[in-house]
Amino acid sequence: MKTGLTRLLPYALILLVTLALVWIDKPFWIQLAIGVAITAITALAWDILSRTGQVSLGSAAFFGIGSYTLAIFEPLIGLTLAWIAVVVVCALAATLLGLLTLRLRRMYFAIATLGFALSMQVLVVVFPDLTGGSGGIAPPVLADGDPRWQLGLIGLLLLAAVALSDALLGLRFRPAFFMIRTKPELAAASGVPVVRMKIFAFIVSGVLIGLAGACYGGLYGYVVPTDVFTTNWSVLPLAIATLGGMDTTIGPLLGAIALKALEEVARSVIGGTGYQVVYGAVIILFVIAMPQGIVGLLRKAGTLAGRRTAAGEKKKERERHA
Amino acid sequence: METTLLAQSLLLALTTAGLYAAIASGLTLEFGVTGIINFAHGEFVMLGAFLTYFLYEAAGVPPLAGMLLAGLAMTALSWLVFDGFLSRVLKQDEHNQILATIGLSILLINLAMIAWTPDARVMHAPPLLPALQLGDVIVPGNNLVVLLVGIALYAGMIWFMRHTRQGLLLRLAADDPQLAVLAGVDVTRMFRLSFLIGGLTAGVSGGLVALILYVQPLVGVDLVMRAFAIVALGGLGSIGGALIGAVLLSAAENLTATFVPGGGSWGYGVAFVIIVLVLVVRPTGLFGSERRA
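This is the structure:
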C-alpha cells in the first residue's frame, strides 16, 4: 500500500530542512530546529516503547541519565568512550526498569515509570559529590558550541531514530508488537518471546532518549536536575506522539513540529509565565476532536476522498449503463 | 530526647496523613469507578486552596466555612469538566485518557499562574484549635484541624459508599460496569457522581492545604504525586488501601526527614522508592484487585 517514495519522504525532508537551515544560518531557525529534532527523537522513542503496550511516563529519567552520564564520564574516560557509556548506562537502566515493571499493567505501569523518573531526580540531589547536586553539572559542549554542527549532529540522530522506528514497523516486529500490546497471553502462547521483545523495545527507547538528553546537555554545556529530569520530558513525548499519531513514524515528527510551532506562537503572544496554557487547551481539544492524532485525521481525509472518487466512478459507470 | 523526637515526628506524620488520605481517597474513588487516573486532581486541590485563601483574606470568611465553599465550587467545576470533555474520553485508549487529564492539569496550572503569579502566599489565619501538648510533644492546633477534617472526609466517604443507595450503585458500577448496565444503572451518571465526590474532597483538602502549607499554582503537583504513590501503594481503586498508604507514606517521609541527614530534601523520592518496591512484590498494590489495573 505504501510506495517506496512516501517511505523515503521523512528522510528527505529531514535532510533537506537540516541542510537548508545550516546553509541559511539564521540562529533563531537553527535553535527552533534543534528543539524540534530533540523532542521528535524522544517522541519516536516513546512511541517505539508504546507499541509493546507500555505507556510510559518515565522518559525524563532516561533524558536526565543521558546528559548526566556524558557529564560524569567525559573527564574520566574521554569523549568517545563517554558517548558509548551513555548508550551502555541507558541500556542498563532500561533493562532494569523494564524487568521491574514487567508485570505491571496499564496505570500501574504509568505510575511506576513516573515514580522512577522522580526518584532519579531525587537521587541526583542526594549524591552531590558525584552529580553536583541541585547546582547542576557541566556536560562537554556539543560540536565546540557551533550551532550549525550541533543541528547537523542532532539531525543525524533524528535520522537514526526514524530509521529505527521504520525498522520496528516492518514485518519482522510489527505483528509481534501488536500481539503483545493487544493480547499478551495469546502472543506468549503462539511463541512470541514477550519478555525479550518488551525489554528490547525498552532498551531501544531508553537509549534513544538518553542520547537525545546527552545532546541537549551539550547544547550549552550546563544542566541542572530540574531542567533534564522535569516531568515535562516525560509528558512531552507522550503528548507529541499521541497528537501526531501513534504507531507511525511520521506522526511523532508532525506532532513535534506542530507543538513546537504552537509553543513559539504562544510565547510571543502571551509571553512570560503561563504561556503553556495553550498547551493544555490544545491537548484537550485534540483528545476530544482527533483521538487518532494528525495522522488519523489525514487517513480519514484520505479514505473519504478515496470513497468519493470511488463513488463518483460508480455513478459514472451507472450513467454509462443507463 | 530521641524518643521525644520520634514521637513528635510520628504525630506530625499522622496529621499530614489525614490530608494525604483525603486527597488520595478522592483520586482512588474516581479511578475505581471510571478507570481514569485524574492527573488534574491536584489542580482541584490547588484551586480549593486559593479559594479558601481569598475568601479569608479578602472577605473574612472563616477558613472552615471557606473550605466548605471551596469544596462546593470544586464539585461544580468537576461537573463542568466531566460533562464538558472527560465523559468523551471514557471509551478511548489509556494514553488519550492520561493525556486528557494532563492537558487539564497544564491548563489549570497556567491559568492560575496568569491570574495569581507563581509566588507562594501564606494564609494568616489564627489557629482554629489550641495546640495539643502530650508530655514534651506539641501538636499545633491547625495540624489537629487537618487531622480531624481529613478523618471526617474519609469517614464520610466510607459511610456514603457502604450505607447509601447511591454508594451501593457506585460500587456496582466500579465492580462490573456491564452488569450495572444490565441491572438498569445509569453508569454515566455513576461515573459523574464519582468525579463530583472527588471534586468535593479535593476542594475541601485544598482548604486544609491553605491552613498548614502555602498557596501557590504548583502546590497541587507535589501533593498529587504523593497521592499517586499512596493509591498505587494501597491498590488503585481501594479506598481502605488509600488510608493505609497515606499513613505509611507520611510516616516514612517524616522519619526520613527527621533521622536521615539531609533527608528533608528527599521529598517524595522516598514515596516512589517505596512504591516501586511494593509494586515489584505485589503488582496491584497492597489491596488492589487484578481486574482494575
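Protein chains in written order, with this note's numbering: chain A, 1 to 322; chain B, 1001 to 1293.
Cβ atoms here follow ideal geometry from the backbone N, Cα and C, with glycine treated the same way.
(request) Pull up the distance between the alpha-carbon of A/Gly271 and that of A/Leu153, whole angstroms please. (result) 31 Å
(message) My output table needs one value for A/Ile77: the three-state DSSP class, helix, strand or coil.
(response) helix
(request) In angstroms with no decimal places, state the Cα-to-Cα distance between B/Val1219 and A/Ala40. (result) 30 Å
(request) State the beta-bridge partners of A/Ile137 as determined by DSSP. (result) A/Val223, per the DSSP bridge assignment.
(request) Count the other C-beta atoms from every protein chain shown that fall within 10 angstroms of the C-beta of A/Met1, then say buried if there are 16 or more, exposed otherwise. (result) Low local confidence applies: a pLDDT of 45 at A/Met1 is under 50, so the model's placement there is unreliable, and no value is given.
(request) Compare the C-beta of A/Phe73 with all C-beta atoms of chain B and state if any pair is closer than 8 Å. (result) no
(request) Determine the contact status of B/Ala1125 and B/Pro1217, defining contact as a CB-CB distance below 8 Å. (result) No. Outside cutoff.
(request) Identify each residue in the stretch 169-189 of chain A for which the Cβ-Cβ distance to at least one residue of chain B is less than 7 Å, and report them in chain order. (result) none
(request) Determine the chain A residues that contact B/Leu1111 at a beta-carbon separation under 9 Å, and present them in chain order. (result) Gly274, Val277, Gly280
(request) Would you please verify whether the beta carbon of B/Asn1142 is less than 8 Å from any beta carbon of chain A? (result) no
(message) Rounded to the nearest angstrom, what separates B/Val1139 and B/Gly1241 at their Cα positions?
(response) 26 Å
(request) Starting from the beta carbon of B/Val1089, find every residue of chain A whose beta carbon is closer than 8 Å, and list them in chain order. (result) Val287, Ile288, Pro291
(request) Just grab the DSSP bridge partners of B/Gln1133 for me. (result) DSSP links B/Gln1133 through a beta bridge to B/Ile1138.
(request) Tell me whether B/Val1377 sits in a helix, a strand or coil according to DSSP, three-state version. (result) Coverage of chain B is limited to positions 1001 through 1293, which leaves residue 1377 of chain B absent and any answer about it impossible.
(request) May I ask you to list, following chain order, the residues of the stretch 78-109 of chain A that have a beta carbon less than 7 Å from some beta carbon of chain C? (result) Of the protein chains in the structure, A and B, none is chain C.
(request) Quick one: which residues of the stretch 238-266 of chain A get their C-beta closer than 9 Å to a C-beta of chain B? List them in chain order. (result) Leu238, Ala239, Ala241, Thr242, Leu243, Met246
(request) Leaving aside the five residues before and after B/Asn1143 along the sequence, list all residues of the same chain whose C-beta is less than 7 Å from its C-beta, in chain order. (result) Taken in chain order, the residues that qualify are Leu1012, Thr1015, Ile1212.
(request) Apply the 10 Å Cβ neighbour rule to A/Ile77 and answer buried if 16 or more other Cβ atoms are within range, or exposed otherwise. (result) exposed
(message) Tell me whether the stretch 1067-1074 of chain B and the stretch 1123-1137 of chain B touch, counting them as touching only if at least three CB pairs, one residue from each stretch, are closer than 8 Å.
(response) no
(message) Would you say B/Gln1216 lies against chain A (beta-carbon separation less than 8 Å)?
(response) no
(request) Return the CA-CA distance between B/Ser1105 and B/Ala1251, expressed in angstroms with no decimal places. (result) 28 Å
(message) Count Cβ pairs between the stretch 1077-1087 of chain B and the stretch 1189-1204 of chain B that sit closer than 8 Å; are there 3 or more?
(response) Counting C-beta pairs closer than 8 Å gives three or more between the stretch 1077-1087 of chain B and the stretch 1189-1204 of chain B, which meets the contact rule.
(message) Using a 10 Å radius around the Cβ and a threshold of 16 neighbouring Cβ atoms, would you call A/Phe286 buried or exposed?
(response) Classification of A/Phe286: buried, given that the 10 Å Cβ count is 16 or more.
(request) Answer with yes or no whether the minimum CB distance from A/Gly111 to chain B is below 8 Å. (result) Here the sequence assigns Ile to residue 111 of chain A, which means Gly is not the residue at that position. Taking Cβ atoms only, chain B reaches closer than 8 Å to A/Ile111, which makes this a yes.
(request) Would you check if the stretch 210-220 of chain A and the stretch 57-77 of chain A touch, i.e. whether three or more CB-CB distances between them fall below 8 Å? (result) They touch, by the three-pair rule.
(message) Below 8 Å on the Cβ atoms is my contact criterion, and I expect B/Leu1051 with B/Gly1235 to pass it. Report the Cβ-Cβ distance as a whole number of Å.
(response) About 31 Å; that fails the 8 Å criterion.
(request) Closer than 7 Å by beta-carbon distance: list the chain A residues that pair up with B/Met1046, in chain order. (result) Those do not exist, as B/Met1046 stays about 14 Å from chain A at its closest Cβ, beyond 7 Å.
(message) Cutting at 7 Å between CB atoms, please list the residues of its own chain near B/Arg1292, excluding the five before and the five after it.
(response) Summary for B/Arg1292: the model assigns pLDDT 48, below 50, so the residue's position carries little reliability, and this model does not support an answer.
(request) Check whether the Cβ atoms of B/Val1122 and B/Tyr1214 sit closer than 8 Å, and answer yes or no. (result) For the pair B/Val1122 and B/Tyr1214, the CB atoms are nearer than the 8 Å cut-off.
(message) Spatial neighbours of B/Ile1244 within its chain, please: C-beta separation below 7 Å, excluding the five flanking residues on both sides.
(response) Excluding five sequence positions before and after B/Ile1244, the CB atoms of its chain that fall closer than 7 Å to its own CB belong to Gly1234, Leu1286, given in chain order.
(request) Taking A/Pro128 as part of the alpha helix (DSSP H), name the residues at either end of that continuous run. (result) It spans 128-131 - the alpha helix (DSSP H) in which A/Pro128 sits, taken as one unbroken run.
(request) Could you tell me which of A/Thr52, A/Leu159, A/Ala143, A/Gly136 sits nearest to A/Arg174, measuring between CA atoms? (result) A/Thr52
(request) Please report the residue range of the alpha helix (DSSP H) in which A/Met290 lies. (result) Run containing A/Met290: none; DSSP gives neither H nor E here.
(message) With a threshold of 7 Å (Cβ to nearest heavy atom), would B/Leu1213 be considered close to the ligand PLP?
(response) In terms of ligand content, the structure shown is empty, and the ligand PLP therefore cannot be addressed.
(message) Taking 8 Å as the threshold (C-beta atoms), are A/Ala94 and A/Ser205 in contact?
(response) yes
(message) Just to make sure I have the definition right: I need the residues of chain B whose C-beta is within less than 8 Å of the C-beta of A/Val55. Which are they?
(response) Glu1094, His1095, Ile1098
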